[in-house]
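So the structure is just underneath, and the comments pick up after that.
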Amino acid sequence: MNSRNNLAYDHSYSPAYPYQPQTQSHSNVRIKISKSEEKAVQKRANISGLVTLLLIAGFAFVVLLRGVMITEQSSSVSKKTAEHEALVTTNEKLQFEIDRSLDLDNVEDIARNELGMRRAEKYQTVYINIEQTDYVEKTAK
Numbered sequence: 009m010n011s012r013n014n015l016a017y018d019h020s021y022s023p024a025y026p027y028q029p030q031t032q033s034h035s036n037v038r039i040k041i042s043k044s045e046e047k048a049v050q051k052r053a054n055i056s057g058l059v060t061l062l063l064i065a066g067f068a069f070v071v072l073l074r075g076v077m078i079t080e081q082s083s084s085v086s087k088k089t090a091e092h093e094a095l096v097t098t099n100e101k102l103q104f105e106i107d108r109s110l111d112l113d114n115v116e117d118i119a120r121n122e123l124g125m126r127r128a129e130k131y132q133t134v135y136i137n138i139e140q141t142d143y144v145e146k147t148a149k
């Protein structure tokens, strides 16, 4: 056998019968649809199309409504956050004022300048010896 031959065109390997594509058999029976049935089918198709359209519109409405609700909640959270930050700042300022007003040097300054007070002299100081009658004893176990 010749090694240069191509077996693709060797007809000895092909089947004896030729290829015949299968054809569909057509019947001569015609299906006749009455006009009332055709109208009913058309009506069902219109109704199913309308129902499908309404369902899609309903889903779109729900999606848009949820988006609006999320946006409203987000803006509400932003407002509350800004309000919280303002209150924290106000509290820090008030705490600073309280700390400043309780400072002993500040209290002494207000007492001297605004109220006209002065420190007590040594002879005005009286010491009292208080004897404690109530006491607690702790014993070791």
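Start counting the sequence shown at 9; every next residue gets the next number (the numbering used here).
Positions of the beta carbon are idealized from the N, C-alpha and C atoms, including for glycine.
Near residue i, which residues of its chain fall below 6 Å by C-beta distance, leaving aside the five closest residues on each side in sequence?
i	result
Asp113	none
Express the C-alpha separation of residue j and residue i in angstroms, rounding to a whole number.
i	j	result
Tyr143	Leu95	47 Å
Ala65	Ser44	31 Å
Arg120	Arg127	9 Å
Gly57	Leu72	22 Å
Glu80	Glu91	17 Å
Lys88	Ser82	10 Å
According to DSSP, is residue i part of a helix, a strand, or is it coil?
i	result
Ala119	helix
Ala65	helix
Leu110	coil
Lys43	helix
I'd like the list of long-range same chain contacts for residue i, defined as Cβ closer than 7 Å, with 5 residues on each side in sequence excluded.
i	result
Arg108	Asn114
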